[in-house]
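Chemist:
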Amino acid sequence: MTVAAETFESAYRRHSLELIRYATVMVGPDDAADVVADAMVHVFDGDVDLSSVVNVRAYLFRAVHHRAIDHQRSRSRRRRRDASLQPQRHDSVGQPAAVDARKVMAALSVQQRTIVFLTYWADQTPADIAGVLAVGEGTIRKQLARARARLREVLHD
């Protein structure tokens with residue numbers, strides 16, 4: 000096994016569980032492992048030597064983040080196509096609606112979902128999240144505020 004392969008393998012072993020948890024929030028439990036696997040293939044096949052990466056964890060999270068965005072785009076296109084082919088369904092009147100956290104979170108952009116996850120489930124600070132997503136800390140704070148507002152809208156509808 001080459002040094003690069005050993006570095007990749009140890010990085011994957013060290014961070015795989017939290018990457019899968021993160022992907023689960025981003026794309027759901029059915030597709031999380033596939034998104035992580037796709038991201039890891041992309042990282043392994045890429046030109047970057049992990050031993051030269053300053054923050055491997057952030058680098059892997061960013062790779063999963065990008066694959067989750069790709070996955071969401073693909074899924075959205077598929078849903079729109081499928082919805083255009085299906086007859087409209089109506090819910091029963093008077094039935095109390097249960098909150099489906101996945102549907103509520105789906106109302107957010109992938110970046111907002113990421114920020115909400117890293118803030119509330121991974122207990123990361125805006126500075127930490129900014130490092131993972133390679134954006135400014137102000138962007139994180141603004142997107143978190145927008146995500147909270149959007150969640151309030153969705154929950155009150």
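Residue numbers for the sequence shown follow the numbering used here, so the first one is 0 and each next one is one higher.
Every residue gets a Cβ at the ideal spot worked out from N, C-alpha and C, and that includes glycine.
Leaving out five residues on either side along the sequence, give the residues of the same chain with a beta carbon under 7 Å from the beta carbon of tyrosine 11.
Modeler: Met39
Chemist: To the nearest angstrom, report how far apart proline 95 and leucine 16 are at their CA atoms.
Modeler: The predicted model places proline 95 with a pLDDT of 49, which falls under 50 and marks its position as unreliable; any figure quoted below should be read in that light. Spanning the two alpha carbons is a distance of roughly 36 Å.
Chemist: Report yes if the CB atom of valine 63 is closer than 7 Å to the CB atom of alanine 22, and no otherwise.
Modeler: yes
Chemist: Comparing alpha-carbon positions, which option in Arg72, Glu8 and Tyr119 lies nearest aspartate 44?
Modeler: Glu8
Chemist: Would you grab the beta carbon distance between valine 34 and arginine 66 for me? Rounded to a whole angstrom, and I think it's under 8 Å.
Modeler: Correct: roughly 5 Å between the Cβ atoms.
Chemist: How many angstroms separate the CA atom of lysine 141 from the CA atom of leucine 154?
Modeler: 20 Å
Chemist: Assuming leucine 117 contacts glutamine 110 under a Cβ cut-off of 8 Å, what Cβ separation, rounded to an integer in Å, is found between them?
Modeler: By a beta-carbon distance limit of 8 Å, leucine 117 does not contact glutamine 110. Their separation comes to about 11 Å.
Chemist: What first and last residue would you give for the alpha helix (DSSP H) that runs through glutamine 142?
Modeler: Here the alpha helix (DSSP H) through glutamine 142 covers 136 to 155.
Chemist: State yes or no: is the C-beta of threonine 6 within less than 7 Å of the C-beta of leucine 49?
Modeler: yes
Chemist: Mind reading off the beta-carbon distance from arginine 72 to alanine 133? Whole number of angstroms is fine, and I expect it under 8 Å.
Modeler: About 19 Å separates the two Cβ atoms, so there is no contact after all.
Chemist: Grouping DSSP H, G and I as helix and E and B as strand, with all else coil, what is threonine 23?
Modeler: DSSP places threonine 23 within a helical segment (H, G or I) once states are collapsed to three.
Chemist: Near threonine 138, which residues of its chain fall below 6 Å by C-beta distance, leaving aside the five closest residues on each side in sequence?
Modeler: For threonine 138, where only same-chain residues beyond five positions count, there are no Cβ hits under 6 Å.
Chemist: Which value, in whole angstroms, describes the spacing of the CA atoms of alanine 100 and glycine 27?
Modeler: 11 Å
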